[in-house]
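Q: Got a structure for you, written out below as structure tokens; questions coming shortly.
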Amino acid sequence: MIKKLLTMASAVVMITTPTFSETIRWARAGDSITLDPHAQNEGPTHALAHQMYDPLLQRDMAGAIIPALATSWKALDNNPNVWRFKLRQGVKFHDGADFTSEDVVFSLNRAMADGSEMKELLSSIKDIRAVDTHTVDLETHGANPLLVNNLTNMFIMDKGWSEANNVLTPHDVAKGETNFATMNTNGTGAFILVSRSVDEKTVLKSNPNYWGNNLYPTEVSKIIYTPIQSAATRVAALLSGQVDIIQDVPVQDLDRVRETNGLKVATAAQNRVIFFGLDTAEGPTSNLKVRQAMNIAINREAIKKVVMRGQSDPTGVIMPPFVNGWTEKLNAYPKYDLEEAKKLMSEAGYEDGFSITLNCPNDRYINDEAICQSAVGMMGQIGIDVTLDAKPKAQHFPIAKGGEADFYMLGWGVPTFDSHYIFNYLVHTQTDKRGSWNPTGFSNSAVDAMIVSLESETDLGARDGTIAKIWGTVQDAQMYLPIHNQVLNWGMSKNIKFDVQPEDKPHFQFLSFE
Amino acid sequence: MNRFLKSDFFYDFLRAPIAVASFVVVSTLILLALLANFIAPTNPFDPASLNLMNGFTAPMEPNAFTGEIFLMGTDDQGRDLFSAILFGLRVSLFVGLMAVLLATVIGVFLGLIAGYIGGWLDSLIMRLADIQMTFPSILIAMLIYGVARGVLPPELRDEMAITVLILSIGLSEWVSIARTVRGSTLVEKEKEYVAAARLIGLNHSRIMIRHILPNVLSPVLVIATITLALAIIAEATLSFLGVGAPPTKPSLGTLIRVGQDFLFSGEWWILLFPALTLLALALSVNLFGDWLRDTLNPRLK
Numbered sequence: 001m002i003k004k005l006l007t008m009a010s011a012v013v014m015i016t017t018p019t020f021s022e023t024i025r026w027a028r029a030g031d032s033i034t035l036d037p038h039a040q041n042e043g044p045t046h047a048l049a050h051q052m053y054d055p056l057l058q059r060d061m062a063g064a065i066i067p068a069l070a071t072s073w074k075a076l077d078n079n080p081n082v083w084r085f086k087l088r089q090g091v092k093f094h095d096g097a098d099f100t101s102e103d104v105v106f107s108l109n110r111a112m113a114d115g116s117e118m119k120e121l122l123s124s125i126k127d128i129r130a131v132d133t134h135t136v137d138l139e140t141h142g143a144n145p146l147l148v149n150n151l152t153n154m155f156i157m158d159k160g161w162s163e164a165n166n167v168l169t170p171h172d173v174a175k176g177e178t179n180f181a182t183m184n185t186n187g188t189g190a191f192i193l194v195s196r197s198v199d200e201k202t203v204l205k206s207n208p209n210y211w212g213n214n215l216y217p218t219e220v221s222k223i224i225y226t227p228i229q230s231a232a233t234r235v236a237a238l239l240s241g242q243v244d245i246i247q248d249v250p251v252q253d254l255d256r257v258r259e260t261n262g263l264k265v266a267t268a269a270q271n272r273v274i275f276f277g278l279d280t281a282e283g284p285t286s287n288l289k290v291r292q293a294m295n296i297a298i299n300r301e302a303i304k305k306v307v308m309r310g311q312s313d314p315t316g317v318i319m320p321p322f323v324n325g326w327t328e329k330l331n332a333y334p335k336y337d338l339e340e341a342k343k344l345m346s347e348a349g350y351e352d353g354f355s356i357t358l359n360c361p362n363d364r365y366i367n368d369e370a371i372c373q374s375a376v377g378m379m380g381q382i383g384i385d386v387t388l389d390a391k392p393k394a395q396h397f398p399i400a401k402g403g404e405a406d407f408y409m410l411g412w413g414v415p416t417f418d419s420h421y422i423f424n425y426l427v428h429t430q431t432d433k434r435g436s437w438n439p440t441g442f443s444n445s446a447v448d449a450m451i452v453s454l455e456s457e458t459d460l461g462a463r464d465g466t467i468a469k470i471w472g473t474v475q476d477a478q479m480y481l482p483i484h485n486q487v488l489n490w491g492m493s494k495n496i497k498f499d500v501q502p503e504d505k506p507h508f509q510f511l512s513f514e
Numbered sequence: 515m516n517r518f519l520k521s522d523f524f525y526d527f528l529r530a531p532i533a534v535a536s537f538v539v540v541s542t543l544i545l546l547a548l549l550a551n552f553i554a555p556t557n558p559f560d561p562a563s564l565n566l567m568n569g570f571t572a573p574m575e576p577n578a579f580t581g582e583i584f585l586m587g588t589d590d591q592g593r594d595l596f597s598a599i600l601f602g603l604r605v606s607l608f609v610g611l612m613a614v615l616l617a618t619v620i621g622v623f624l625g626l627i628a629g630y631i632g633g634w635l636d637s638l639i640m641r642l643a644d645i646q647m648t649f650p651s652i653l654i655a656m657l658i659y660g661v662a663r664g665v666l667p668p669e670l671r672d673e674m675a676i677t678v679l680i681l682s683i684g685l686s687e688w689v690s691i692a693r694t695v696r697g698s699t700l701v702e703k704e705k706e707y708v709a710a711a712r713l714i715g716l717n718h719s720r721i722m723i724r725h726i727l728p729n730v731l732s733p734v735l736v737i738a739t740i741t742l743a744l745a746i747i748a749e750a751t752l753s754f755l756g757v758g759a760p761p762t763k764p765s766l767g768t769l770i771r772v773g774q775d776f777l778f779s780g781e782w783w784i785l786l787f788p789a790l791t792l793l794a795l796a797l798s799v800n801l802f803g804d805w806l807r808d809t810l811n812p813r814l815k
């Protein structure tokens with residue numbers, strides 16, 4: 001009898017033991033802003049898009065570049081201005097359409113269209129040509145040795161599907177536009193969209209025809225993605241087993257999660273810097289002395305110790321250490337000095353201070369609102385009366401980007417691992433091609449020219465020299481007040497085997513179970 | 515005063531321990547809130563006075579960096595919780611009282627008119643009240659709050675936050691008062707003294723205000739007291755949801771919202787002390803209101 005029971009029990013175990021088919025319940029503070037892969041250049045938006053769409057090449061969980069829809073790429077020997085991409089054969093979109101070079105030409109042009117936030121990444125491109133059905137040439141204005149680094153989040157859409165659904169251009173999120181692609185997808189990725197309810201729940205299922213199924217046997221059969229803004233609720237969901245992985249364990253709860261049976265915390269330095277932006281065109285912050293005063297009135301060590309509980313890396317430059325151009329010297333942050341700050345304020349003619357509004361997100365970065373609150377206090381100490389306006393990122397970003405804000409918080413990750421990406425978005429004068437995230441009013445034609453020259457500089461030594469020069473100007477202008485680089489803390493079930501990706505982008509096809 | 519001390523009301527009051535206890539608690543809390551400026555060791559509404567390094571100090575334990583000691587500890591920004599609770603109590607009470615005052619004025623006015631004049635005006639006001647009754651009052655408060663935030667320019671939002679709270683709670687709580695006043699007015703207007711007043715030629719507004727109003731006020735007093743508890747909770751709820759008092763000028767609800775994030779990490783005091791204060795306040799006001807209803811309603815005796 002007992003033997004029979006045991007056999008039955010083991011049979012039950014065999015049935016219920018997961019074999020390459022499991023649901024992952026995934027949570028983080030904020031939702032993706034849109035499913036249109038070119039409309040927003042934002043971390044959580046790309047992180048969700050990566051499950052359904054593929055770029056030509058991508059970063060693996062360690063951050064190294066690996067092939068995706070392109071199998072190989074190289075600059076032509078006779079013309080270094082042309083990069084030739086060989087595309088993967090036999091790839092199908094989720095709706096069954098074949099993936100060919102015309103989809104690549106279409107998608108890259110779409111990513112350069114008006115309304116796209118990806119266009120700065122392609123600003124060096126002159127022409128995109130299909131050579132045959134599975135070969136594409138990208139011609140740049142000058143030889144751009146680092147072009148491929150710019151393509152890791154450049155998702156490929158199906159031309160036919162986009163035409164049929166009238167999504168030939170991305171929608172402008174800041175203007176409140178939407179299109180069919182905002183809520184629908186047709187990618188080549190490892191997962192297919194099943195259902196989506198914004199800010200509530202997105203369900204994906206594994207793609208049986210995924211081109212990578214032989215390369216990376218996908219063990220996840222279903223993804224249920226739920227944004228949970230409240231830190232306490234999010235960690236409670238992990239502790240109680242309602243979710244399997246959260247990308248942002250609140251810093252105060254790290255020990256609690258570590259000590260909980262069946263859970264673990266994986267930690268890694270993140271390729272993301274957090275900073276404040278200032279309006280240099282108008283108002284008190286247009287005065288350099290005021291910006292200098294604000295910079296040294298920020299007590300970065302206190303923010304690290306108390307707000308971040310040690311989980312941050314204070315910095316004096318808006319560039320994570322992963323990035324080409326980073327030096328110890330730039331990274332050194334100024335000494336916190338209230339007396340000097342007050343002196344600078346009075347030299348600027350603001351000994352009685354002034355009033356300003358600080359725009360801050362409350363569901364994007366780690367402890368974003370708490371950092372802003374402490375900044376309110378620190379600015380108060382040099383007489384600046386700050387009104388805090390904290391909002392969900394979907395409302396915050398249009399304000400921060402649109403130039404309405406005088407004082408705002410932003411975080412910046414660098415997917416290309418190169419300074420040019422920071423300059424092209426945050427330092428170049430705001431035009432319709434470049435500088436889309438530079439609402440500070442900072443504009444320097446010499447710097448603009450240097451930024452453009454980086455795209456066709458083949459002498460990497462000279463290129464690094466130009467980068468250092470641009471950083472010098474940025475550090476002197478102080479339109480940005482750097483705070484720190486983030487540290488990632490992913491909390492997950494112990495049976496999950498998953499590396500922390502430095503860009504905070506989990507690729508669930510790489511996840512395995514133990 | 516002497517008359518009051520010898521009244522049945524005061525006699526009943528002294529013989530109801532719950533009434534006395536709740537009255538003592540409420541008056542102590544009101545007194546603390548009024549004297550917050552003198553009692554509180556720091557001004558929690560002045561962000562410039564905060565030292566971030568004091569953050570997360572446990573109650574009565576010296577801070578690891580600064581060595582400072584706080585009676586109830588500090589919150590995540592280094593704000594002294596005891597001071598924050600006193601000032602937060604003031605915000606909560608002020609919002610509650612003003613909202614009830616607003617609700618009472620609207621409710622009494624509309625109730626009197628509906629009951630006394632009757633006809634289509636009565637139908638209109640009462641159907642409006644019925645419609646509003648079908649929505650939870652917190653939803654209406656959030657709606658009014660949302661509209662107000664949308665209309666106001668950002669630099670005025672913090673200053674106007676309290677006014678907006680009062681408006682949104684006041685406008686969502688008038689219905690029960692209007693219904694009660696209307697009911698009592700319907701009874702009173704059939705009585706002989708009203709007929710007599712009409713007979714000597716007094717105009718309608720005088721009859722309503724001087725003759726009927728004083729006679730419908732005692733149930734209003736009861737409902738207003740209970741509504742006060744509701745209004746305080748509504749304010750805390752709105753602030754807890756992040757749409758009420760801003761974190762730089764916290765009310766009890768805002769403090770509870772902040773404290774909630776540190777429940778798992780062992781900083782229990784940030785949540786516990788404001789929550790206990792809110793509990794004591796709302797419970798005492800409610801108990802006192804209950805006793806008031808029992809005493810002033812002769813049918814329950």
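Chains as they are written, first to last, in my numbering: chain A, 1 to 514; chain B, 515 to 815.
For every residue, glycine included, the Cβ atom is placed at its ideal position computed from N, Cα and C.
1) Quick one: list the residues of chain A neighbouring Asp-808 of chain B, beta-carbon separation under 8 Å, in chain order.
2) Between which two residues does the beta strand (DSSP E) harbouring Trp-73 of chain A extend?
3) Could you check the C-alpha separation between Tyr-525 of chain B and Leu-810 of chain B for me, to the nearest Å?
4) So, at 6 Å on beta carbons, what are the nonlocal neighbours of Asp-590 of chain B in its own chain, with the 5 sequence-adjacent residues on each side left out?
5) Closer than 9 Å, Cβ to any Cβ of chain A: which residues of the segment 774-799 of chain B, in chain order?
6) Is Gly-310 of chain A close to chain B, meaning its C-beta is less than 8 Å from at least one C-beta of that chain?
7) Suppose contacts are defined by Cβ-Cβ distances below 8 Å. Is Thr-135 of chain A in contact with Asn-81 of chain A by that definition?
8) Does DSSP put Ile-223 of chain A in a helix, a strand or coil?
9) Name the residues in the segment 31-58 of chain A whose C-beta lies less than 9 Å from a C-beta of chain B; which are they?
10) Name the chain A residues whose beta carbon is nearer than 7 Å to that of Gly-569 of chain B?
11) List in chain order: all unbroken beta strand (DSSP E) runs of 3+ residues lying wholly within the segment 381-414 of chain A.
12) Would you call the CB atoms of Ala-390 of chain A and Glu-404 of chain A closer than 8 Å?
13) Going by DSSP in three states, Tyr-350 of chain A sits in which element: helix, strand or coil?
14) Using 8 Å as the threshold, is the C-beta distance between Leu-511 of chain A and Val-220 of chain A below it?
15) Under 8 Å Cβ to Cβ from Asp-98 of chain A, same chain only, skipping five residues before and after it: list those, please.
16) Measuring only between beta-carbons, confirm whether Asp-594 of chain B sits less than 8 Å from chain A.
17) Using a beta-carbon distance cut-off of less than 7 Å, what residues from the segment 253-270 of chain A approach chain B?
18) Roughly how many angstroms separate the alpha carbons of Leu-624 of chain B and Met-612 of chain B, rounded to a whole number?
19) Quick one: what does DSSP say Gln-486 of chain A is sitting in, helix, strand or coil?
20) Quick check on Asn-359 of chain A: buried or exposed, where buried means 16 or more other Cβ atoms within 10 Å of its Cβ?
21) Check each residue of the segment 485-505 of chain A: if its Cβ is closer than 8 Å to any Cβ of chain B, include it; give the result in chain order.
22) Among the candidates A:Lys-289, A:Asn-367, A:Pro-361 and A:Val-317, whose CA atom is the shortest distance from the CA of Met-345 of chain A?
23) Given this structure, state the Cα-to-Cα distance separating Asn-165 of chain A from Val-235 of chain A, to the nearest angstrom.
24) In terms of DSSP beta bridges, what is Glu-139 of chain A paired with?
25) Among A:Tyr-350, A:Thr-185, A:Thr-440 and A:Ala-70, whose alpha-carbon lies nearest the alpha-carbon of Asp-385 of chain A?
26) Hey, Lys-335 of chain A and Ile-296 of chain A are a contact pair by Cβ (cut 8 Å); roughly how many whole angstroms apart?
27) Taking just the CA atoms, how far does Val-665 of chain B sit from Pro-659 of chain B?
28) For the segment 757-774 of chain B and the segment 702-709 of chain B, state whether three or more C-beta atom pairs, one from each stretch, are separated by less than 8 Å.
29) Can you tell me which of the three DSSP states Gly-96 of chain A falls into?
30) Residues in the same chain with beta-carbon distance under 7 Å from Phe-518 of chain B, minus the five sequence neighbours each way, listed in chain order, please.
31) How long is the line joining the alpha carbons of Asn-299 of chain A and Ser-443 of chain A, rounded to whole angstroms?
32) Chain A beta carbons: is any one of them nearer than 8 Å to that of Phe-523 of chain B?
A: Short version:
1) Counted from its first residue, the second sequence places residue 808 of chain B at position 294. None at all; the shortest Cβ gap to chain A is about 40 Å.
2) Walking along the first sequence from the start, residue 73 of chain A turns up at place 73. Per DSSP, the unbroken beta strand (DSSP E) holding Trp-73 of chain A starts and ends at 70-75.
3) As a position in the second sequence, residue 525 of chain B is number 11, starting the count at 1. As a position in the second sequence, residue 810 of chain B is number 296, starting the count at 1. Going by the C-alpha atoms only, they are around 13 Å apart.
4) Translated into positions along the second sequence, residue 590 of chain B becomes position 76. Correct list, in chain order: Gly-569.
5) Gln-774, Asp-775, Phe-776, Leu-777, Phe-778, Ser-779, Gly-780 and Glu-781
6) Residue numbering aside, residue 310 of chain A sits at position 310 when the first sequence is read from its first letter. Not one beta carbon of chain B lies nearer than 8 Å to the beta carbon of Gly-310 of chain A.
7) By 1-based counting over the first sequence, the position of residue 135 of chain A is 135. By 1-based counting over the first sequence, the position of residue 81 of chain A is 81. No, the Cβ-Cβ distance between Thr-135 of chain A and Asn-81 of chain A is not below 8 Å.
8) Reading the first sequence from its first residue, position 223 is the one you call residue 223 of chain A. If DSSP states are grouped into helix, strand and coil, Ile-223 of chain A belongs with the strands.
9) none
10) Position 55 of the second sequence, counted from the start, is the residue given in the question as residue 569 of chain B. Within chain A, the residues near Gly-569 of chain B are Val-306.
11) 384-391 and 407-413
12) Along the first sequence, one-based indexing puts residue 390 of chain A at 390. Along the first sequence, one-based indexing puts residue 404 of chain A at 404. Going by C-beta atoms, Ala-390 of chain A is not nearer than 8 Å to Glu-404 of chain A.
13) Position 350 of the first sequence, counting from 1, holds the residue named residue 350 of chain A. Three-state DSSP puts Tyr-350 of chain A in coil, outside helix and strand.
14) Residue numbering aside, residue 511 of chain A sits at position 511 when the first sequence is read from its first letter. Residue numbering aside, residue 220 of chain A sits at position 220 when the first sequence is read from its first letter. Yes. Within cutoff.
15) Taking the first residue of the first sequence as position 1, residue 98 of chain A is located at position 98. Cβ within range, chain order: Val-91 and Lys-92.
16) One-based indexing of the second sequence puts residue 594 of chain B at position 80. Closer than 8 Å: no.
17) Asp-253 and Arg-256
18) Your numbering for residue 624 of chain B matches position 110 in the second sequence. Your numbering for residue 612 of chain B matches position 98 in the second sequence. Between Leu-624 of chain B and Met-612 of chain B, the alpha-carbon positions lie close to 18 Å from each other.
19) One-based indexing of the first sequence puts residue 486 of chain A at position 486. If DSSP states are grouped into helix, strand and coil, Gln-486 of chain A belongs with the strands.
20) What you label residue 359 of chain A is simply residue 359 of the first sequence in a count that begins at 1. By the neighbour-count rule (16 or more Cβ atoms within 10 Å), Asn-359 of chain A is buried.
21) none
22) Along the first sequence, one-based indexing puts residue 345 of chain A at 345. If we check each option's Cα against that of Met-345 of chain A, A:Lys-289 comes out closest.
23) The residue labelled residue 165 of chain A in the question sits at position 165 within the first sequence. The residue labelled residue 235 of chain A in the question sits at position 235 within the first sequence. Taking the straight line joining both Cα atoms gives about 39 Å.
24) Numbered from 1 along the first sequence, position 139 holds the residue referred to as residue 139 of chain A. Answer is A:Val-82 and A:Asp-127, bridged to Glu-139 of chain A.
25) Counted from its first residue, the first sequence places residue 385 of chain A at position 385. Considering only alpha carbons, the answer is A:Tyr-350.
26) Numbered from 1 along the first sequence, position 335 holds the residue referred to as residue 335 of chain A. Numbered from 1 along the first sequence, position 296 holds the residue referred to as residue 296 of chain A. Lys-335 of chain A to Ile-296 of chain A, Cβ: 7 Å. Contact.
27) Counting from one through the second sequence, the residue named residue 659 of chain B turns up at place 145. Counting from one through the second sequence, the residue named residue 665 of chain B turns up at place 151. Pro is not the amino acid found at residue 659 of chain B; the sequence shown has Tyr there. The straight-line gap from Cα to Cα measures roughly 10 Å.
28) Fewer than three pairs of CB atoms, one per stretch, sit closer than 8 Å, so the segment 757-774 of chain B makes no contact with the segment 702-709 of chain B.
29) One-based indexing of the first sequence puts residue 96 of chain A at position 96. Here DSSP, grouped into helix, strand and coil, assigns Gly-96 of chain A to coil.
30) As a first step, residue 518 of chain B must be located in the second sequence, where it is residue number 4. Contacts found: Phe-524.
31) Residue numbering aside, residue 299 of chain A sits at position 299 when the first sequence is read from its first letter. Residue numbering aside, residue 443 of chain A sits at position 443 when the first sequence is read from its first letter. When only Cα atoms are considered, Asn-299 of chain A and Ser-443 of chain A end up about 28 Å apart.
32) Here residue 523 of chain B is taken as the residue at index 9 of the second sequence, counted from 1. Chain A, which has no Cβ nearer than 8 Å to the Cβ of Phe-523 of chain B, makes this no.
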